[in-house]
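Structure first, commentary second.
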Amino acid sequence: GNSVTQMEGPVTLSEEAFLTINCTYTATGYPSLFWYVQYPGEGLQLLLKATKADDKGSNKGFEATYRKETTSFHLEKGSVQVSDSAVYFCALSEGGTYKYIFGTGTRLKVLA
Amino acid sequence: NAGVTQTPKFQVLKTGQSMTLQCAQDMNHNSMYWYRQDPGMGLRLIYYSASEGTTDKGEVPNGYNVSRLNKREFSLRLESAAPSQTSVYFCASSRDGLKGYEQYFGPGTRLTVT
């Protein structure tokens, strides 16, 4: 079946460091891919998305590229801030079903 | 434009009590979802509603019932709460889940069953 695998956290970085959170997926079709962010005590917010191979999603300095050849959608940011501390979820929707598959989340902590 | 709203934000129940979690969206979305979030397990789908008038089971439906009251509202009912249902519950909506549009989430309900 479809699945999403994220790197385990927590990830702890100093402010202005480079961030990568790995995400790989398995899917039988051509899924849409998403990154969501969850701040403490809040619901998930869409961070970025990509709907086809080689698409790059970007928002608030975060980027992720849909790589079909490696079935990956890694999240990157060039310079993290303390305010980026949150839990990040990778997710996919294959379309043709109503279901979305989420990774288990990666907690990021950024130190000043 | 409030997006997705959920009530209540917090609830404590005793084993065997019942309650209904309310969810409403004002984005004219067709598809709505209920998830539970437990530590280390990500999000698990309880029930979903593809469109007004339809509901379907997700990954963990046991112990829950749902009602799609109209296009805006989708409620989740616990008939006889159990400690295993202690969790954070999120409602979400999507313009059209069949086409893979992104989901929008409510702020969550933190439920404790003692």
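Protein chains in written order, with the working numbering: chain A, 1 to 112; chain B, 1 to 114.
Backbone N, C-alpha and C fix where the C-beta goes; we use that ideal spot for every residue, glycine too.
Assignment of Leu13 (chain A) by DSSP, reduced to helix, strand and coil, places it in the strand class. Note: Met19 (chain B) is bridge-paired with B:Leu78 in the DSSP secondary-structure output. For Ser67 (chain B), the three-state secondary structure derived from DSSP is strand.
Ranked by Cα distance from Leu75 (chain A), the first of A:Val82, A:Val37, A:Gly96 is A:Val37. Judged by DSSP secondary structure, Val4 (chain B) falls within the beta strand (DSSP E) whose first and last residues are 4 to 7.
Inter-residue distance for Tyr35 (chain B) and Glu15 (chain A) is about 33 Å (C-alpha atoms, whole angstroms). Distance between Lys49 (chain A) and Ala82 (chain B), taken at the CA atoms: about 37 Å. The Cβ neighbour count for Thr106 (chain A), taken over all protein chains shown within 10 Å, is at least 16; the residue is labelled buried.
One finds nothing in chain A with a Cβ atom closer than 9 Å to the Cβ of Phe10 (chain B); even the nearest lies about 11 Å away.
Looking at the backbone, the Cα of Gly97 (chain B) and that of Phe62 (chain A) are separated by about 25 Å.
Straight through space, the alpha carbons of Asn59 (chain A) and Leu13 (chain B) are spaced by roughly 40 Å.
Restricting attention to A:Leu108, A:Val110, A:Lys109, A:Gly103, the CA atom closest to the CA of Gly40 (chain B) is found in A:Gly103.
Going by DSSP, Lys77 (chain A) is part of the beta strand (DSSP E) stretching over 75 to 77. Here Asn30 (chain B) is buried: its Cβ has 16 or more other Cβ atoms, across all protein chains shown, within 10 Å. The three-state secondary structure of Gln81 (chain A), taken from DSSP, is coil. Pairing Ser93 (chain A) with Ser32 (chain A) gives a Cβ-Cβ distance under 8 Å. When the beta-carbon positions are compared, Thr54 (chain B) and Arg68 (chain B) come within less than 8 Å of each other. Annotation for Thr86 (chain B): Leu111, Thr112, Val113 place their beta carbon closer than 7 Å to its own, counting only its chain and skipping 5 residues before and after. Taking 4 residues as the shortest admissible run, the stretch 79 to 112 of chain B contains no complete alpha helix (DSSP H) segment at all. Among the residues facing chain B, Tyr100 (chain A) is included, as its CB has a counterpart in that chain under 8 Å away.
Residues of the stretch 28 to 50 of chain B with a C-beta less than 7 Å from any C-beta of chain A: Ser31, Gly40, Met41, Gly42, Leu43, Leu45, Tyr48, Ala50, listed in chain order. Contact of Glu79 (chain B) with chain A is not assigned, every C-beta pair being separated by 8 Å or more. The straight-line gap separating the alpha-carbon atoms of Asn70 (chain B) and Asn1 (chain B) is approximately 18 Å.
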